[in-house]
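Enquirer: One structure coming up, written as structure tokens, with questions to follow.
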Amino acid sequence: MSSTSTTVTSEHFAYLAQRTLREDAFLSELKAAAQAAGIPAIQIAPEQASFMQILLKSARAREVLEVGTLAGYSAIAMARALPHREQGGRLVTVEFEERHADFAEAWIARSDVADRVEVRRGAGSDVLRTLPEHSMDAVFLDADKRGYPDYLEQSLRIVRPGGMILVDNAFAFGELFSESPRDREVQAVREFNEIMSKTTGLHGIIVPIGDGLWVSVVEDDPSSQD
Ligand SMILES: C[S@@+](CC[C@H](N)C(=O)[O-])C[C@H]1O[C@@H](n2cnc3c(N)ncnc32)[C@H](O)[C@@H]1O
119 MSSTSTTVTS EHFAYLAQRT LREDAFLSEL KAAAQAAGIP AIQIAPEQAS FMQILLKSAR
179 AREVLEVGTL AGYSAIAMAR ALPHREQGGR LVTVEFEERH ADFAEAWIAR SDVADRVEVR
239 RGAGSDVLRT LPEHSMDAVF LDADKRGYPD YLEQSLRIVR PGGMILVDNA FAFGELFSES
299 PRDREVQAVR EFNEIMSKTT GLHGIIVPIG DGLWVSVVED DPSSQD
């Protein structure tokens, strides 16, 4: 028994990565092709993809929204945890860079989940406002960090009660505690982490996987939060 968490080192990450579902050849090829096309390699890690698939499967999620498609890596990984389109499986992923959206659409079309993934082009804050209330079982936010507070507000409207809000990069690209961070978005992440931890009606925790993943559940009844 232990009342404190074990400090997770890169050795632990390597250990757990070796013991979860590995990235398949298709996703490895997608990553290589994206790099060759000059798309930055900032997709989620394979062990994070596996963890998110487990979350979506255990929540029996059908409809999922992502903000930040990039090359389509996480969209394809998440869609694999959803039922086929005829059974209601649908993943909507939002991207405002045409080049990224073009690349992702081409690879999604060749993937095993082409039936259930739709790329929506546009800015996250615009597209989210077009989505109906309680229309999604889960949301994954992985785009511009300064937009996160607005995406969270919209997600709280879009996700059904009992649904999940996942948010990437809670550890601010490894610079959360840096006094002179190189990345300009670090301060936005710090501020967002405070917002997440104080939002009523949301039960969340930062899981130390990838670059820190917020995993939160929208309470059925906001007054029931512990
Ligand atoms: C970290 S990448 C997403 C990685 C992807 N989720 C994955 O793991 O495979 C962030 C993406 O968000 C896009 N993005 C940034 N700001 C955006 C905005 N305001 N609206 C929509 N997409 C945005 C970027 O162009 C980039 O493709």
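Here our numbering is used: the first residue of the sequence shown is 119, the next is one more, and so on.
Backbone N, C-alpha and C fix where the C-beta goes; we use that ideal spot for every residue, glycine too.
1. Buried or exposed: Glu181, going by 16 or more other Cβ atoms within 10 Å of its Cβ?
2. In terms of residues, what are the limits of the alpha helix (DSSP H) holding Glu271?
3. Provide the residue(s) that pair with Arg208 in DSSP beta bridges, ordered along the chain.
4. With a threshold of 8 angstroms on Cβ separation, who are the neighbours of Ile160 within its own chain once the five nearest residues in sequence on each side are excluded?
5. Measuring straight from C-alpha to C-alpha, what distance separates Ser334 and Arg228?
6. Taking only three categories from DSSP, how would you classify Ser359?
7. Would the C-beta of Leu188 count as close to ligand 1, meaning under 8 angstroms from any of its heavy atoms?
8. Ligand 1 and Ser298: does any heavy atom of the ligand fall closer than 8 angstroms to the residue's C-beta?
9. Per DSSP, which residues does Gly322 bridge with? Please list them.
10. So what's Arg217 in DSSP terms, helix, strand or just coil?
11. Give me the residue from Ala135, Ala222, His252 with the minimum Cα distance to Ala179.
12. Alpha carbons only, please: which of Val235, Phe214, Arg208 is nearest the one belonging to Asp244?
13. With distances taken between CB atoms, is the gap from Arg234 to Leu200 smaller than 9 angstroms?
14. Just mark His321 as buried or exposed, buried being the case when its beta carbon has 16 or more other beta carbons within 10 Å.
15. Between the Cα of Ala163 and those of Pro326, Leu274, Glu337, Asp338, spot the shortest distance and give me the residue it belongs to.
16. Going by alpha carbons, who is nearest to Ala306 out of Leu274, Asp262, Gly280, Arg278?
17. Starting from Glu236 and walking both ways along the beta strand (DSSP E), at which residues does that stretch end?
18. With hydrogens ignored, establish whether the beta-carbon of Phe289 is closer than 8 angstroms to any heavy atom of ligand 3.
19. Going by the DSSP bridge assignment, what does Phe258 pair with across the sheet?
20. Please classify Pro158: does DSSP put it in a helix, a strand, or coil?
21. Between which residues of its own chain and Ala177 is the CB-CB distance below 7 angstroms, once the five residues before and five after are set aside?
22. Skipping 5 residues on each side, what residues in its chain have a beta carbon closer than 6 angstroms to that of Arg208?
23. Ligand 1 and Ile162: does the residue's C-beta get closer than 8 angstroms to at least one heavy atom of that ligand?
Expert: Taking the structure as given:
1. Around the C-beta of Glu181, 16 or more other C-beta atoms lie within 10 Å, and the residue is accordingly described as buried.
2. Counting along the chain, the alpha helix (DSSP H) containing Glu271 begins and ends at 266-276.
3. DSSP output for Arg208 lists Glu181 as bridge partner(s).
4. Taken in chain order, the residues that qualify are Leu188.
5. Put simply, the backbone Cα of Ser334 is about 32 angstroms away from that of Arg228.
6. Residue 359 cannot be examined here, being either before or after the span of the chain that is shown, 119 to 344.
7. For ligand 1, at least one heavy atom lies less than 8 angstroms from the Cβ of Leu188.
8. It does not: the Cβ of Ser298 is nowhere closer than 8 angstroms to a heavy atom of ligand 1.
9. According to DSSP, Gly322 bridges with Ser334.
10. If DSSP states are grouped into helix, strand and coil, Arg217 belongs with the helices.
11. Measuring from the Cα of Ala179, the nearest candidate turns out to be His252.
12. Cα-wise, what sits closest to Asp244 is Phe214.
13. In this structure, Leu200 lies closer than 9 angstroms to Arg234 by Cβ.
14. It counts as exposed.
15. Comparing Cα positions, the closest option is Pro326.
16. Residue nearest to Ala306 within the set Leu274, Asp262, Gly280, Arg278 is Asp262 (criterion: CA-CA distance).
17. Glu236 -> beta strand (DSSP E) spans 235-239.
18. This structure does not include ligand 3; its bound ligands are ligand 1.
19. BP columns for Phe258 point to Glu184, Leu284.
20. Pro158 falls in the coil class under three-state DSSP.
21. If we look at Ala177 and ignore the five residues flanking it on each side, its Cβ neighbours are Asp255, Ala256, Met282.
22. Excluding sequence neighbours, Arg208 sits near Glu181, Arg234.
23. Indeed, a heavy atom of ligand 1 lies less than 8 angstroms from the Cβ.
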